[in-house]
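What the sequence shown shows, in the working numbering, is residues 2 to 780, in sequence order. The structure under discussion appears below in the form of structure tokens.
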Amino acid sequence: MRFSFHMLVSCLAALALSPLALAERVIESNSLNTCKSGSNFTATLFNVAFTPRNHSITLSINGVSSISGNVTAQLEVIAYGFTALNETLDPCTMDLEGFCPMQTGQINILTNIEVDESDEKRIPGIAYSVPDLDGIVRVYVIQNSTGEVISCMEAALSNTKTVYQPAVGWATAIIAGIGLVASGITSGLGHTNTAAHVAANAVSLFGLFQAQAIIGMTAVTMPPIVQSWTQNFAWSMGIIRVGFLQSIATWYQRSTGGTPTTYLSTLSTYSVEVQKRLVKRSIQTLGLASGIVSRSLAARDTSSTVGEVKVVRGIDRVGFRARIEQTNIFLTGLIFFVAVLFFSTILVILTKVVLDLVARAGWMKSDKFVEFRHGWKIVIKGILFRLVLLGWVQMSVLCLWELVERDSAAEVVLALVVFISMVCTLGWASFKVIQLAKKSVTMHKNPAYILYSDPECLNKWGFLYVQYKATAYYFVVMLLAYILCKAVFVAFVQSSPIAQAVGLLVVEAVALIGLSVIRPFMDKKTNIFNISIQVVNFLNAIFLLIFSDAFGQPEMVSGVMGVIFALYNVIFAAVLLIMVLVSSIYAICAKNPETRYQPMRDDRGSFIKSQQALTTELDALGATARGDGKTPYEGGKFVDDESLSTDSLNKQPQEGINEKSVPVAARPAEPYSDYPQGPVYNQANSTDQTLNAGAAPGVPSQAYTNPPAAYAPQATAYGYSSGYAPQQTSRPGTGNEFNDPVNQNERRGRAGAAGNQMESGYWDRDWWHQQYAREPGGA
């Protein structure tokens, strides 16, 4: 057991950054807490540091004592649940001024104590290098005359090495941002499949970071290394310190009737204890029935303090370690959320302006990013909706938590407004997606048709369903409910760590089962990616329950499991970061990144492609039969209850269509056929002159006078044949077949039927055979 423990510690120490290894070796403590009710000694300031370089311990203690007479002290040093040192000390033999004998009243100590080299060697070298040392020093004060334990004090040890590094937060944030930016660029370049995959993985990675941050925001007493690791992801919840924002938040709270806390500004005179594990074993050995006094910062106006030593945990603990006053946490998160929305909007507008200028200057092809440049307003709406979804985790936790803390009346109202607004926004968006999908199923027997065939719908609501397969369009509702349940447990159950851990474990277990059974994501790889993340979230919830001391396990178990928790989370996060970074770089740099991903089984690719260019004759045929022409970005809202036909982004509304106005891509590649392979045109333009594109009246078109014996039809974007029927050998004609009113009415009827087939998304080859296949020489 000892061998494996040292291996874990060594591996974790190897993960420490090189600057940490170069720092001066020191072991220190910054707070002294009582571990016995009715303690006769309290310290308002306690700073102790041992520096092996100069073989001395520096003491700075301000406290109040009600102990008098001669005493002895029993000293215990506990690291990761192991008792490393257990000695009895006599203040009189150590010449400690003020402790021999003890006197009641104020005690102020500022001194240095020399340490023998032999005692220094008893401290293992790893204690100076392993990050987030999980160690405490406990002192029991015993009255010499009675042998009674009259006081108990403990101090947490630290070697100033930690896995909580600003560089980790910056790196994770940048890589997640690169993934989102890469998906936007590839989408603008027309690689929709690649963009969907990169965006799905980047969003899932961001969700993992938020899940890690939520673990740290629970009130469970965790090992220091777990606290520090989860603190790296506090940025994903908007808990980021910016000096002037703290001043704004403090001013706002004071101006609205609140009372700001001043913990950070009084650290020089008062101690603040970041809550860690509660160590019971030694006290139970002594048979102290009083146990441990559990302290928490439950409310602002009734802060739980012992001798002016403030103990913070949960969300307060995360804010304190980020150097944010507890009363500023909510406003800090809200300000960052609003700032991200604002700057994202500005960035999109600037990008649109720059792309237009570049295109006009001829530095870029005019067809690049054409969908974004024409529909940038819809793109902005879609991006804002996406950011609201990403911020739902952050704001649901902070808003609900603010209802409990009540920093000021105005902040409570602000929290309610923000929370209700986000619920309504995401609820409405989810309702629209489900409504459109059901209509698509009713009209086209396929939910993907309407969801993906209209670019306005896709850009505006697509953030809720593009990462899922078409039949799992409803899964976003389950996602929102999952996030809300976690937020409720984190925000409302801060006073009960065990209940909080049990609730989160149940939520994660249900989520893992649902995700594994439904497998809602777009393909197998994306499902594996997200199920792996959910497995890690479930394991973290199990560890959280163990840390809550629900099972009363030995502290050695919690200490070792804390190291294991950090180790597997570091490895897993690093693997996912590398995967997202590599896929993002490949998506931007590769000439054709679509080859990396398989086409979606829901055939969404064919519907998306049909919006980018008129590459099929069936689209023009159906549009002509209906007598309409859609422009995806014409400022009006798309019609949800109509089928959304495909059209070119550059196509403008027009009364009729003639052959000259049809884009080249929409014209048949082979003009030789018994029947025309181009669109059937509008009645207003169904004349001989129009159909023959300027040919003289009465003169047959060249396409029908010199046809080949047969030809093979070409494939289209839908995967259908571009020929409307099996091609027959050309029959002689007069050249005036199209002028015959009977033939015209017959063709218009066929065009209407073709339009209906286009509407339903169903291709009946046999029907086309019956309508268009003619025997040679037939009438």
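Beta carbons: idealized from backbone N, C-alpha and C, even for Gly.
- Residue 349 has its alpha-carbon roughly 33 Å from the corresponding atom of residue 533.
- Leaving aside the five residues that flank residue 200 on each side, the residues in its chain whose CB is nearer than 6 Å to its CB run, in chain order, 184.
- Residue 502 places its beta carbon less than 8 Å from that of residue 219.
- The Cβ atoms of residue 170 and residue 236 sit closer than 8 Å to each other.
- Note on geometry: alpha-carbon atoms of residue 118 and residue 154 lie some 26 Å from one another.
- In its chain, beyond the 5 residues on either side, 176 have a beta carbon closer than 6 Å to the beta carbon of residue 578.
- Fewer than three beta-carbon pairs drawn from the segment 66-81 and the segment 45-58 are found closer than 8 Å, and the two stretches are therefore not classed as touching.
- Put simply, of 132, 485 and 315 the residue whose alpha carbon is nearest the alpha carbon of residue 496 is 315.
- Straight across, the Cα-Cα distance linking residue 549 with residue 139 is about 21 Å.
- Note that the segment 385-405 touches the segment 331-339; at least 3 beta-carbon pairs, one per stretch, sit closer than 8 Å.
- Contact annotation: residue 173 and residue 234 have beta-carbon atoms nearer than 8 Å.
- Straight across, the Cα-Cα distance linking residue 375 with residue 362 is about 18 Å.
- Here residue 460 is buried, its C-beta having at least 16 other C-beta atoms within 10 Å.
- Scanning its chain for C-beta atoms nearer than 7 Å, with the 5 sequence neighbours on each side dropped, one finds around residue 188 the residues 196, in chain order.
- In the structure shown, residue 29 adopts extended strand secondary structure according to DSSP, grouped into three states.
- As DSSP reads the structure, residue 83 sits in a beta bridge with 80.
- Contact check between the segment 430-438 and the segment 477-494: three or more CB pairs, one atom from each, fall below 8 Å, which counts as touching.
- Cα atoms of residue 474 and residue 441: separation of roughly 12 Å, rounded to the nearest angstrom.
- Residue 156 is bridged by DSSP to 33 and 138.
- By the criterion of at least three beta-carbon pairs nearer than 8 Å, the segment 322-331 is in contact with the segment 398-409.
- For the pair residue 146 and residue 258, the CB atoms are not nearer than the 8 Å cut-off.
- Under the DSSP assignment, residue 457 falls in the alpha helix (DSSP H) whose first and last residues are 456-462.
- A straight line joining the alpha-carbon of residue 547 with that of residue 427 spans about 35 Å.
- Here residue 58 is bridged, per DSSP, to 51 and 114.
- A Cβ-Cβ separation of about 5 Å places residue 448 in contact with residue 471 under the 8 Å criterion.
- The shortest C-alpha to C-alpha distance from residue 396 to any of 453, 452 and 488 is the one to 488.
- Look at residue 441 here: in three-state DSSP terms it is helix.
- Between the segment 246-260 and the segment 568-588, the count of C-beta pairs closer than 8 Å stays below three; the two stretches do not touch.
- Judged by beta-carbon spacing, residue 589 lies within the 8 Å limit of residue 186, meaning their Cβ atoms are closer than that value.
- For residue 213, the closest alpha carbon among the candidates 595, 394 and 76 is that of 394.
- Taking a C-beta distance under 8 Å as the contact criterion, residue 240 and residue 320 qualify as a contact pair.
- Residue environment for residue 95: exposed (fewer than 16 other C-beta atoms within 10 angstroms of its C-beta).
- Annotation for residue 366: 360 place their beta carbon closer than 8 Å to its own, counting only its chain and skipping 5 residues before and after.
- Judged by DSSP secondary structure, residue 382 falls within the alpha helix (DSSP H) whose first and last residues are 377-391.
- A residue is called buried when at least 16 other Cβ atoms come within 10 angstroms of its Cβ; residue 168 does not meet this threshold and is exposed.
- Looking at the DSSP output, residue 144 shares a beta bridge with 72.
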